[in-house]
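*Asks:* Residue numbers (this note's numbering): 1042 to 1353.
1) What are the start and end residues of the beta strand (DSSP E) that includes residue 1247?
2) Please name the residue in 1286, 1094, 1302 whose C-alpha comes closest to that of residue 1325.
3) Under 8 Å: do the region 1139-1148 and the region 1107-1122 share three or more Cβ pairs, one atom per stretch?
4) DSSP state of residue 1051, grouped into three classes?
5) Quick check: what's the CA-CA separation for residue 1214 versus residue 1133?
6) Measure the beta-carbon distance from residue 1188 to residue 1249 and round it to whole angstroms, keeping in mind my assumption that it falls under 8 Å.
7) Could you check where the alpha helix (DSSP H) with residue 1060 kicks off and where it finishes?
8) Does residue 1195 come out as helix, strand or coil in the three-state DSSP assignment?
9) Rounded to whole angstroms, what is the Cα-Cα separation between residue 1047 and residue 1131?
10) Just to confirm, are residue 1293 and residue 1319 a CB contact at a threshold of 8 Å?
11) Is there a Cβ of chain D sitting closer than 8 Å to that of residue 1207, yes or no?
12) According to DSSP, is residue 1130 part of a helix, a strand, or is it coil?
13) In terms of alpha-carbon separation, which member of 1256, 1076, 1067, 1341 lies closest to residue 1119?
14) Is the beta carbon of residue 1105 sitting closer than 8 Å to the one on residue 1327?
15) Do residue 1099 and residue 1088 have their C-beta atoms closer together than 8 Å?
16) Within the chosen definition, does the region 1194-1204 reach the region 1168-1185 through at least 3 CB pairs nearer than 8 Å?
17) Could you pull the DSSP bridge partners for residue 1212 from this structure?
18) Residue 1162 and residue 1078 look like a contact to me (Cβ under 8 Å); what is the Cβ gap, rounded to whole Å?
19) Please report the Cβ distance between residue 1055 and residue 1064, rounded to the nearest whole angstrom; I am assuming they are in contact, meaning their Cβ atoms lie under 8 Å.
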């Protein structure tokens, strides 16, 4: 089907040397996956059902929850397949498609965090014009722009994967497919595939994080101009959840990048653990952060459980 392809499949890897314990290792992974699905699914349900949450801030939160769900579902099948069933073989098309969605969704998540920073900036800088600036139409346009940036920008390095010959070992180093993992096995000129992702990371992840940092510097300046101490505290409190989510995402991204770039002497198990932390920790923590730190989400959760209890 694909010219120049020397094999139709790759082999995924679980935890080398711990294959006998894969069933035990799968238990925490299973509970984390279930928690991620439950937490983000609950957020989406609350935002959909409660009209008090039909505001730009919560629309962006819904986008974040949907992205976290998509990342989780993208990796869950192969990870649990390896740990539960020792099902290691994955077809080329499925592997490259998984890599495409994993990397695209990472950039989408970065874009949503940037949009949420913009939302907080407008809410504090221009509170009286908040609803007129962030209309539903504008929120939809921002969301579509984030999706297009994430999904289109990753096409150039993923597309060549279908046409590269793979004459090295077909064993990947994770229980899911990553672009940087696959190109190591290609017997072709991969210069573009090495350089383009670096440029992409700088233009998206690094630039997004810098803009978020600048936006919070401006937010802080605006907050300090507020006369009332209580109002200053309330204004900053609306940003706490977002700041926590930003830190969770970018700290794990930075940690994983440093390990990949400079951790040649670091044991392979550390690389594996950091990869799983990157893919599982933000989706697990984001709904917890917003549930703990956002009073409106808390009241909606209590109302939901109270309604079900009355119904029972």
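The C-beta atom is built at its ideal place from N, Cα and C for all residues, glycine as well. Since the model is a prediction, treat every value here as computed from it, not as a measurement.
*Replies:* Taking the geometry as given:
1) That residue, residue 1247, is in no beta strand (DSSP E); it is neither H nor E in DSSP.
2) 1286
3) yes
4) strand
5) 15 Å
6) Not confirmed; about 15 Å, so no contact.
7) No alpha helix (DSSP H) holds residue 1060; DSSP gives it neither H nor E.
8) coil
9) A caution first: residue 1047 carries a pLDDT of 43, below 50, which makes its placement in the model too unreliable to give a value.
10) Going by beta carbons, residue 1293 and residue 1319 fall inside the 8 Å limit.
11) Reference to chain D is not applicable here, since this structure consists of a single protein chain.
12) strand
13) 1067
14) Contact annotation: residue 1105 and residue 1327 have beta-carbon atoms nearer than 8 Å.
15) yes
16) no
17) In the DSSP output, where bridge partners are listed per residue, residue 1212 has 1052.
18) Going by Cβ atoms, the distance from residue 1162 to residue 1078 rounds to 31 Å, so no, they are not a contact pair.
19) Going by Cβ atoms, the distance from residue 1055 to residue 1064 rounds to 11 Å, so no, they are not a contact pair.
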